[in-house]
Each structure stands twice: as structure tokens, then as C-alpha cells.
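What follows is a short report on a single structure.
In our numbering, the protein residues as written are 5 to 382.
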């Protein structure tokens, strides 16, 4: 149950999710987002075996446009964007003056002088607009009237083929194309937050949300499609980090092993360069590590659970859950560098009492990226 009011927005697919059995919602970027349809474990199995459809309209698309759009985007992220052509996507971090992470996002270069930025929960648009007003650049930062759906699971290419034809199968990983569905202008990208094969469909006409939802579900019926929500179990298994939960403003990209997204010597200026140089030079920073927690199954943690070493709090568990495939509790812990070696032991203060845990190699199931051959050939 959640109280409904006009202060929080409904997505164009809200009524469809209710019809298809959504049982719980959260508020994400000032919008309602389904969190499960009755059984998150059943949704997990649908995701890893078949195909699922998610309403993620709460991924508010920040549109950055104008003659200085690329230069402005370079300012927001330490990742070098000079080799990002049109219709390519990149995973980026947005850093502040202290090297902290304002948010993480998928950046889509839609066309010349226009980028879409899809961040996690947080008012990133206000931060970006504030920087724009002081930058002196010819750029416009606005929220697009754009509403994503995620089509995720190993059978998602079959459904995408039914909807968009061969072009969906030819679309490269982390590429985006402009297309249409039922005469509606849409964008389609090979991205997602599942760790499985998947696509994101971007609706640009909110009045036809119900129609698009039902069209996708009808196309997926023969492939056992099911409605679902972003899945905590699969995201932890696959190392897909969650902003605020796993990624915190007070940590740097180096905490999360995201050095590959930090190009300290890129030509374009960016916010936080000097701070990140100092943090990297100092080293010995905290790390987010994969852990396995002993004991009976854990559903999930509703708050950060303290990590103890020799009786002293040294860190916290950011997210954890029981993995049905691994048959053990897995999660992520933010701990000092000295505790990050594989096999390192720690104690987790769980609500039901202390449990022992150890650092392990993670992710447990890497992301699937390659579409198998043969789809659409019959």
C-alpha cells in the first residue's frame, strides 16, 4: 500500500501495471515505480529464464541540447566522451568538486548536439541546471517527456524482433536507435539493469502508455513474458550497483572499482578532476566488495547493516539477499582497504543477531551481452 496524491507522478503505464497485478510501489525520482507483483522470487526466475517487462518511467530523461551540449556533458563526468558518436550509449559517473559521486547514469548520444542522461534516484536535473546557468555555455538542460520500459531476460531479443524486426537484433550492446511502434515515435536501446539480455523502450507519447504496454505483452506471450520490477536478487548477483544504496556521495569512483570511468587526463575540463587526482595518489581508499553471509536465508536489508572487525564498526553492508541459484546469502559491503582481500572475514550485525561473512570474488553472474544467432530466422 502507498498513499496516492498529485505531488508524486504516475507513469503512462501506471494503470497497466495495476491491471497486471502490481502489489507494491516505491517513489523514485518523484514517480511511482512498482517494486513487485506478488512474488519477487518468481519474478527472478522469469527474468533469468524467460522475459520480463518493467515500468521504469521513473528513469527521468534529462535532455542536454544546444551547440555546447557535448562540452557541457564533458564537464559533468570524468569519462572521456570524445569518441562517443551519435546513437551510442555510455555508462558514466557524475562527480562533484570533492570527487564524490552525484549520481551514476546511462548517457545516450541521440543526435548531434543532443544527449539524454538517465540517472538513478536523485534530483540530478537541478544540479545540472545549476551548473549550466553558471557555465557560460550555450546549452539547455530540461526534463524530456520520455518514459522508458525495460524488456529484460534471455528471451527479450525474440520479443524485440516481434516488435521492431531485424533492426532490434542488429542493434549493438550499448547502442540506441530511433524507431517507431504502432506509428509512435520511440527510441530503442540495448541497455538495462538486469544483468540479462535486454532492451529499453522509450515512449515519447504518454497518452498511449496503455497501448504500448499491451502491445509488448502480446508480443511476448508466446515467450512466457511476465510483468516485473527491477530485481534486487539479480542486480546483486550481477554487480549492478544502486545509487544511494551501494554508491554514496561521500565515496569516490575508486571505492567501487570504477577507475575505467575516470579519465584524469582527458582534454576537456570536468568537475572534480583535482580532487580525484589527490584521492588516487593517496590510495588506501575504502572498497565495495562482494561478500557471502552465513546462516539461513535473508530476504533483504532495509537499512545499512554494520560490519564489525574485532568488535569495532568498520563499515556496512549496502545490500544483501538470498540467491536462489547459489543457495546462499550474498551482498555488498563497504569496508576499509585492509579488509578487501578475498577470504577476509568479518562480522555482520544483522537484526536477528551477528553473522559471520567473508569476502568473495564478485560479481557472481556477469552481465549477458551477446545475442545468440538464429532468432527471427524461422
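Glycine included, each C-beta is placed from N, C-alpha and C at the ideal position. Model, not experiment: these values are computed from the prediction.
Residues 362 and 363 of the same chain have their beta carbon placed closer than 7 Å to that of residue 347, with the five preceding and five following residues left out of the count. When DSSP states are grouped into helix, strand and coil, residue 317 belongs to the strand group. Taking one beta carbon from each stretch, the region 148–161 and the region 191–204 have 3 or more pairs nearer than 8 Å; the two touch. Residue pairing from DSSP leaves residue 348 without any beta-bridge partner. The region 111–126 makes contact with the region 80–97; the number of CB pairs closer than 8 Å reaches 3 or more. A distance below 8 Å between beta-carbons, with the five flanking residues on each side excluded, links residue 268 to the following residues of its chain, in chain order: 82, 277, 280, 281 and 284.
For residue 354, the beta-bridge partners assigned by DSSP are 357. Annotated as proximal: residue 210 and residue 16, with beta-carbon spacing under 8 Å. Residue pairing for residue 68: DSSP places it in a beta bridge opposite 119 and 145.
In the structure shown, residue 183 falls within a strand segment according to DSSP collapsed to helix, strand and coil. Within the region 86–115, the complete beta strand (DSSP E) runs of at least 3 residues fall at 92–99 and 105–115. The Cβ atoms of residue 241 and residue 327 lie closer than 8 Å to each other. Residues 328 of the same chain have their beta carbon placed closer than 8 Å to that of residue 49, with the five preceding and five following residues left out of the count.
With contact defined as three or more Cβ pairs closer than 8 Å, the region 56–67 and the region 117–129 are in contact. About 11 Å separates the beta carbon of residue 52 from that of residue 159, a gap too long to meet the 8 Å contact definition. Sequence-distant Cβ neighbours of residue 371 in its own chain, meaning closer than 6 Å and more than five residues away, are 199 and 242. Going by beta carbons, residue 246 and residue 289 fall outside the 8 Å limit.
For residue 31, the enclosing beta strand (DSSP E) starts and ends at 28–32. Contact between the region 298–317 and the region 333–345 is present: 3 or more CB-CB pairs across the two stretches fall below 8 Å.
Counting along the chain, the unbroken beta strand (DSSP E) around residue 334 starts and ends at 332–339.
Excluding its 5 nearest sequence neighbours in each direction, residue 24 has C-beta neighbours in its own chain below 6 Å: 231, listed in chain order. Assignment of beta-bridge partners to residue 54 by DSSP yields no partner.
Judged by DSSP secondary structure, residue 137 falls within the alpha helix (DSSP H) whose first and last residues are 128–139. Around residue 358, the same chain offers 312, 351 and 352 as residues with beta carbons nearer than 8 Å, after the five sequence neighbours per side are excluded. The DSSP-derived three-state label of residue 63 is coil. In this chain, the alpha helix (DSSP H) harbouring residue 163 covers 160–168.
Contact between the region 71–87 and the region 165–177 is absent, with fewer than three C-beta pairs closer than 8 Å.
The beta carbon of residue 221 is closer than 7 Å to those of 57 and 229 in its chain, skipping five residues each way along the sequence. Looking only at 270, 316, 324 and 150, the smallest Cα-Cα distance to residue 84 is reached by 270.
Take the alpha-carbon of residue 33 and the one of residue 179: they are about 25 Å apart.
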